[in-house]
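**Student:** Heads up, the sequence shown is in numbering that gives the first Met the number 0, so the first residue is 0 and it goes up one at a time.
Where is the CB? At the ideal position from N, CA and C, for every residue including glycine.
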Amino acid sequence: MANEAHFLSTSLSFLSFNKAVLPEFRQSKGLSFLVNSRISRSKQTRVSMEMRGSGGPMTSDHSAVKIPHVLTVAGSDSGAGAGIQADLKACAARGVYCSTVITAVTAQNTVGVQGVNIVPEDFVAEQMKSVLSDMDVDVVKTGMLPSIGIVKILHQQLQVYPVRALVVDPVMVSTSGDVLAGPSILAVFREELLPMADIVTPNLKEASALLDGVKINTVSDMRSAAKLLHDMGPRNVLVKGGDLPDSLDAVDIFFDGKNLYELHSSRIKTRNTHGTGCTLASCIAAELAKGSSMLKAVKASKFFVETALDYSKDISIGKGPQGPFDHLMNLKHNSGRQVRFNPSDLFLYAVTDSRMNRKWGHSISDAVKDAVQGGATIVQLREKDIETGDFLEAAKSCLQICRSHGVPLLINDRIDVALASDADGVHIGQSDMPAHVARSLLGPEKIIGVSCKTPEQAEQAWLGGADYIGCGGVYPTNTKENNRTIGLDGLKTVCLASKLPVVAIGGINISNARAVMEIGVPNLKGIAVVSALFDRECVLTETRKLHAVLTEATAAAAAAAK
Ligand SMILES: Cc1ncc(COP(=O)(O)OP(=O)(O)O)c(N)n1
Ligand SMILES: Cc1ncsc1CCOP(=O)(O)O
Ligand SMILES: [Mg+2]
Numbered sequence: 000m001a002n003e004a005h006f007l008s009t010s011l012s013f014l015s016f017n018k019a020v021l022p023e024f025r026q027s028k029g030l031s032f033l034v035n036s037r038i039s040r041s042k043q044t045r046v047s048m049e050m051r052g053s054g055g056p057m058t059s060d061h062s063a064v065k066i067p068h069v070l071t072v073a074g075s076d077s078g079a080g081a082g083i084q085a086d087l088k089a090c091a092a093r094g095v096y097c098s099t100v101i102t103a104v105t106a107q108n109t110v111g112v113q114g115v116n117i118v119p120e121d122f123v124a125e126q127m128k129s130v131l132s133d134m135d136v137d138v139v140k141t142g143m144l145p146s147i148g149i150v151k152i153l154h155q156q157l158q159v160y161p162v163r164a165l166v167v168d169p170v171m172v173s174t175s176g177d178v179l180a181g182p183s184i185l186a187v188f189r190e191e192l193l194p195m196a197d198i199v200t201p202n203l204k205e206a207s208a209l210l211d212g213v214k215i216n217t218v219s220d221m222r223s224a225a226k227l228l229h230d231m232g233p234r235n236v237l238v239k240g241g242d243l244p245d246s247l248d249a250v251d252i253f254f255d256g257k258n259l260y261e262l263h264s265s266r267i268k269t270r271n272t273h274g275t276g277c278t279l280a281s282c283i284a285a286e287l288a289k290g291s292s293m294l295k296a297v298k299a300s301k302f303f304v305e306t307a308l309d310y311s312k313d314i315s316i317g318k319g320p321q322g323p324f325d326h327l328m329n330l331k332h333n334s335g336r337q338v339r340f341n342p343s344d345l346f347l348y349a350v351t352d353s354r355m356n357r358k359w360g361h362s363i364s365d366a367v368k369d370a371v372q373g374g375a376t377i378v379q380l381r382e383k384d385i386e387t388g389d390f391l392e393a394a395k396s397c398l399q400i401c402r403s404h405g406v407p408l409l410i411n412d413r414i415d416v417a418l419a420s421d422a423d424g425v426h427i428g429q430s431d432m433p434a435h436v437a438r439s440l441l442g443p444e445k446i447i448g449v450s451c452k453t454p455e456q457a458e459q460a461w462l463g464g465a466d467y468i469g470c471g472g473v474y475p476t477n478t479k480e481n482n483r484t485i486g487l488d489g490l491k492t493v494c495l496a497s498k499l500p501v502v503a504i505g506g507i508n509i510s511n512a513r514a515v516m517e518i519g520v521p522n523l524k525g526i527a528v529v530s531a532l533f534d535r536e537c538v539l540t541e542t543r544k545l546h547a548v549l550t551e552a553t554a555a556a557a558a559a560a561k
């Protein structure tokens with residue numbers, strides 16, 4: 000407590016901060032930084048004056064292309080796994096420009112944090128003003144905000160230079176357990192920072208600290224915490240469950256003030272998790288800067304982190320317990336392809352059918368709206384008997400519905416309709432054009448699914464650049480004529496033969512969905528259904544029921560795997 004009061008009263012004093020928060024830190028490092036910071040500051044002032052004197056302000060070029068821009072206000076990590084360095088890499092990986100305001104310089108590696116120097120508050124303000132007054136910043140993301148004064152500066156600057164969104168990662172403790180912002184910061188976080196935020200992304204410890212030490216040990220506790228944090232003013236809350244005990248998946252809770260979403264991704268077994276929180280928040284900021292909805296930004300970011308961890312799980316940097324990961328894995332592993340597709344979106348895959356919609360008097364867009372509201376995680380428009388113009392109109396209106404729920408929309412067979420509507424991708428069959436031709440037409444970012452009944456077809460799909468396989472018919476179906484049934488064995492054979500994620504299709508409904516999910520292969524990610532959702536009077540109710548069955552089946556499978 001004495002240390003805490005000391006920290007408060009001397010937030011500008013490097014030496015006192017180091018004593019209070021990081022007792023093991025050597026004072027001489029603080030002194031050398033103080034001197035350097037003054038030198039660089041006077042140089043900086045001279046440079047700006049020279050620029051002003053040599054030709055006046057640059058005029059803007061109206062033909063110039065605007066690049067989405069994130070400003071990160073955070074601390075530097077000398078090990079470059081977290082902080083400003085992670086933010087720069089995350090934004091680069093997501094194709095977004097990133098400027099930086101450095102709030103503190105940490106001496107840090109894979110063992111832990113050896114020292115912290117807070118940048119003087121007036122110089123934090125100066126950096127912020129330099130960037131915000133000149134560059135067209137779309138989104139501000141905050142990380143380490145180590146003093147009350149720095150939070151207040153951020154507040155003031157955002158009044159003067161408003162941006163489209165503020166993403167707050169309420170950094171308090173590093174992955175190694177070192178304190179990066181003391182408890183004295185909590186009041187200003189609650190009173191000034193959270194009410195400004197469009198999203199706040201605490202981990203379990205941070206959520207607990209913001210909520211006066213409330214215990215968060217289960218997913219149900221996370222749900223309550225998300226609601227309580229939302230009451231403090233942020234528009235959206237993402238409580239990250241990475242540290243949740245006894246959890247096979249990485250479960251996060253997203254709350255937008257209306258709906259609670261439980262977002263699952265695979266828990267990657269690796270020591271290289273240092274910087275995941277900074278990366279996730281920067282990635283959300285980058286996606287928002289590109290124009291995504293909040294839910295879509297969160298889902299894309301979670302998937303990006305999961306993929307980066309998976310690619311980096313075996314790399315070895317440093318000798319400590321927690322290593323950095325490779326943000327730019329795309330450059331090496333994916334020939335520059337942006338990772339857009341999240342295999343967990345295949346969980347409940349709704350495939351429309353115009354004949355069924357007509358039978359029940361549903362419009363395509365009403366049917367799709369009910370399906371996504373009921374929990375469908377991806378939608379395919381499979382409209383075999385409508386005019387091209389009507390298909391395009393339907394695709395555009397369904398795209399709006401799906402985007403507002405963060406659910407991808409695919410078009411069956413018709414690459415032209417997918418391109419014209421800017422849908423998220425296509426599903427193609429064995430009698431359509433080959434996957435590699437579709438890929439060259441659609442470019443690297445669109446999702447491509449391919450129907451496969453055999454390991455050979457699955458191999459072709461993989462080589463052609465497909466993102467997933469639709470495998471079936473698993474059971475006999477009336478929806479698709481002359482479709483050979485391959486059974487659960489055929490499904491398992493294709494899954495085992497391929498690296499791609501697989502969705503099962505054909506005659507699947509509430510009574511057999513569990514048996515499908517229980518075949519026990521990790522790349523079977525979900526079921527695709529037509530009649531079980533759309534050949535029904537109430538699409539919303541049927542989707543909810545099927546979603547509940549799938550959730551139960553996956554929980555049971557996870558428990559059995561323990
Ligand atoms: C997810 C999914 N899997 C398989 C199919 C079938 O596609 P295809 O073989 O091209 O047959 P049609 O659907 O076009 O009749 C699918 N549509 N979706
Ligand atoms: C499109 C398709 N492809 C393989 S089976 C099938 C039809 C699935 O429809 P249902 O879910 O009604 O059996
Ligand atoms: Mg087809």
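Less than 6 Å between C-beta atoms, sequence neighbours within five positions excluded: which residues of the same chain meet that for residue 80?
**Tutor:** The count along the sequence shown starts at 1 and reaches residue 80 at position 81. Counting only Cβ-Cβ distances below 6 Å, and skipping sequence neighbours, we find 273, 274 and 323.
**Student:** Give every residue of the same chain whose Cβ lies closer than 7 Å to the Cβ of residue 553, excluding the five residues on either side of it in the sequence, and list them in chain order.
**Tutor:** Locating residue 553 in the sequence shown gives position 554, counting from the first residue. Once the five neighbours on either side are set aside, the close Cβ partners of residue 553 are 516.
**Student:** Starting from residue 348 and walking both ways along the alpha helix (DSSP H), at which residues does that stretch end?
**Tutor:** Counting from 1 along the sequence shown, the entry for residue 348 is found at position 349. Unbroken run through residue 348 is the beta strand (DSSP E), 347–350; no alpha helix (DSSP H).
**Student:** Enumerate in chain order the residues of its own chain whose CB-to-CB distance from residue 217 is below 8 Å, with the five nearest sequence positions on each side excluded.
**Tutor:** Here residue 217 refers to the residue found at position 218 of the sequence shown. 243, listed in sequence order.
**Student:** Who are the near neighbours of residue 541 in its chain, counting only those whose CB is closer than 6 Å to its CB and skipping five residues on each side?
**Tutor:** Residue 541 sits at position 542 when you count from the first residue of the sequence shown. Only 532 and 535 meet the Cβ criterion.
**Student:** When the Cα of residue 412 is compared with those of 63, 165, 380 and 342, which residue comes out closest?
**Tutor:** Translated into positions along the sequence shown, residue 412 becomes position 413. Checked all of 63, 165, 380 and 342; the closest Cα to residue 412 is 380.
**Student:** Quick one: grab the DSSP three-state call for residue 554.
**Tutor:** In the sequence shown, the residue the question calls residue 554 occupies position 555. Here residue 554 sits in helix by DSSP.
**Student:** Taking 8 Å as the cut-off, is the CB of residue 412 close to at least one heavy atom of ligand 3?
**Tutor:** On the sequence shown, residue 412 is found 413 positions in, with the first residue counted as 1. Yes.
**Student:** Measuring straight from C-alpha to C-alpha, what distance separates residue 522 and residue 537?
**Tutor:** In the sequence shown, residue 522 corresponds to position 523, counting from 1. In the sequence shown, residue 537 corresponds to position 538, counting from 1. If I take the Cα positions, the gap works out to 31 Å.
**Student:** Do residue 248 and residue 512 have their C-beta atoms within less than 9 Å of each other?
**Tutor:** Taking the first residue of the sequence shown as position 1, residue 248 is located at position 249. Taking the first residue of the sequence shown as position 1, residue 512 is located at position 513. The answer is no: Cβ separation not under 9 Å.
**Student:** To which residues of the same chain is residue 156 closer than 8 Å at the C-beta, ignoring the five residues directly before and after it?
**Tutor:** Stepping through the sequence shown from its first residue, residue 156 is reached at position 157. 124, 127, 128 and 131.
**Student:** Beta-carbon separation of residue 420 and residue 441 under 9 Å?
**Tutor:** On the sequence shown, residue 420 is found 421 positions in, with the first residue counted as 1. On the sequence shown, residue 441 is found 442 positions in, with the first residue counted as 1. Taking 9 Å as the Cβ cut-off, residue 420 and residue 441 do not qualify as a contacting pair.
**Student:** CA-CA distance, residue 432 and residue 388?
**Tutor:** By one-based count along the sequence shown, residue 432 stands at place 433. By one-based count along the sequence shown, residue 388 stands at place 389. Approximately 22 Å between the Cα atoms of the pair.
**Student:** Note down, one range per segment and in chain order, each alpha helix (DSSP H) of at least 4 residues found wholly within the region 105–135.
**Tutor:** Correct list: 120–133.
**Student:** Between the Cα of residue 472 and the Cα atoms of 459, 497, 509 and 526, which residue gives the shortest distance?
**Tutor:** Locating residue 472 in the sequence shown gives position 473, where the first residue counts as 1. Checking every option, the nearest Cα to that of residue 472 belongs to 526.
**Student:** If you draw a straight line from the C-alpha of residue 311 to the C-alpha of residue 320, how long is it?
**Tutor:** Translated into the one-based positions of the sequence shown, residue 311 becomes position 312. Translated into the one-based positions of the sequence shown, residue 320 becomes position 321. So the two alpha carbons sit approximately 15 Å from each other.
**Student:** Should the region 259–269 be regarded as contacting the region 143–159, the criterion being three or more beta carbon pairs within less than 8 Å?
**Tutor:** They do not touch, by the three-pair rule.
**Student:** Going by DSSP, which residues form a beta bridge with residue 260?
**Tutor:** Looking up residue 260 in the sequence shown gives position 261. Partner(s): 253.
**Student:** Taking the C-alpha atoms as reference points, what is the distance between residue 75 and residue 277?
**Tutor:** What you label residue 75 is simply residue 76 of the sequence shown in a count that begins at 1. What you label residue 277 is simply residue 278 of the sequence shown in a count that begins at 1. Whole-angstrom Cα-Cα distance: 11 Å.
**Student:** Decide if the region 201–215 is in contact with the region 224–231; the criterion is three or more beta carbon pairs, one per stretch, under 8 Å apart.
**Tutor:** The region 201–215 is in contact with the region 224–231.
**Student:** Tell me which same chain residues have a C-beta within less than 8 Å of the C-beta of residue 259, skipping the five on either side of it?
**Tutor:** Walking along the sequence shown from the start, residue 259 turns up at place 260. If we look at residue 259 and ignore the five residues flanking it on each side, its Cβ neighbours are 222, 225, 226, 252 and 253.
**Student:** Hey, would you say the C-beta of residue 381 is under 8 Å away from at least one heavy atom of ligand 2?
**Tutor:** Taking the sequence shown and counting its residues from 1, the one referred to as residue 381 is at position 382. Checking the Cβ of residue 381 against ligand 2 gives yes.
**Student:** Let me make sure I understand the geometry here. Which of 95, 447 and 325 has the alpha-carbon closest to that of residue 340?
**Tutor:** If you number the sequence shown from 1, residue 340 lands on position 341. Comparing Cα positions, the closest option is 447.
**Student:** Among 428, 187 and 546, which one has its Cα closest to the Cα of residue 467?
**Tutor:** Sequence index remark: in the sequence shown, residue 467 carries index 468 (1-based). Ranking 428, 187 and 546 by Cα distance to residue 467 puts 428 first.
**Student:** Give me the Cα-Cα distance between residue 550 and residue 133, rounded to the nearest whole angstrom.
**Tutor:** Locating residue 550 in the sequence shown gives position 551, counting from the first residue. Locating residue 133 in the sequence shown gives position 134, counting from the first residue. Answer to the nearest angstrom: the Cα atoms are 49 Å apart.
**Student:** Taking only three categories from DSSP, how would you classify residue 98?
**Tutor:** In the sequence shown, the residue the question calls residue 98 occupies position 99. In this structure, residue 98 counts as strand in the three-state DSSP scheme.
**Student:** Along the chain, which unbroken stretches of the alpha helix (DSSP H) at least 4 residues long are found entirely within the region 270–344?
**Tutor:** Listed in chain order, the complete alpha helix (DSSP H) runs (minimum 4 residues) inside the region 270–344 are 275–288, 293–311 and 328–332.
**Student:** Taking the straight line between their C-alpha atoms, what separation do you get for residue 372 and residue 402?
**Tutor:** Translated into the one-based positions of the sequence shown, residue 372 becomes position 373. Translated into the one-based positions of the sequence shown, residue 402 becomes position 403. Looking at the two C-alpha atoms, the distance is approximately 12 Å.
**Student:** Going by beta carbon distance, what residues of the same chain come within less than 6 Å of residue 333, once the five residues before and after it are set aside?
**Tutor:** Residue mapping note: residue 333 aligns to position 334 of the sequence shown, counting from 1. Confidence is the limiting factor: at residue 333 the pLDDT is only 46, short of 50, which leaves the residue's position unreliable and the question unanswerable from this model.
**Student:** Verify whether the separation of the beta carbon atoms of residue 489 and residue 452 is less than 9 Å.
**Tutor:** Reading the sequence shown from its first residue, position 490 is the one you call residue 489. Reading the sequence shown from its first residue, position 453 is the one you call residue 452. Yes, these two residues count as a Cβ contact at 9 Å.
**Student:** Indicate the three-state DSSP secondary structure (helix, strand or coil) for residue 11 in the structure shown.
**Tutor:** As a working note, residue 11 is residue 12 in the sequence shown. Reliability of the predicted coordinates at residue 11 is poor, the pLDDT of 29 falling under 50, and the value obtained from them is presented with this limitation in mind. DSSP places residue 11 in coil when its eight states are reduced to three.
**Student:** If we call anything under 9 Å between Cβ atoms a contact, is residue 546 one with residue 347?
**Tutor:** Along the sequence shown, read from residue 1 onward, the residue named residue 546 stands at position 547. Along the sequence shown, read from residue 1 onward, the residue named residue 347 stands at position 348. Against a cut-off of 9 Å, the Cβ pair of residue 347 and residue 546 comes out as a contact.
**Student:** Quick check: is any heavy atom of ligand 1 less than 8 Å from the C-beta of residue 497?
**Tutor:** Numbered from 1 along the sequence shown, position 498 holds the residue referred to as residue 497. The answer is no for residue 497.
**Student:** Using the three-state DSSP reduction, which class does residue 200 fall into: helix, strand or coil?
**Tutor:** For the purposes of this step, residue 200 is taken as the residue at position 201 of the sequence shown. Residue 200: coil per DSSP, three-state reduction.
**Student:** Can you list, in chain order, the residues of its chain with a C-beta nearer than 7 Å to that of residue 437? Leave out the 5 residues immediately preceding and following it.
**Tutor:** In the sequence shown, the residue the question calls residue 437 occupies position 438. The residues are 414, 425, 427 and 447.
**Student:** Would residue 65 be called buried (16 or more neighbouring beta carbons within 10 Å of its own) or exposed?
**Tutor:** The residue you call residue 65 lines up with position 66 of the sequence shown. Looking at its Cβ environment, which holds fewer than 16 other Cβ atoms inside 10 Å, residue 65 is exposed.
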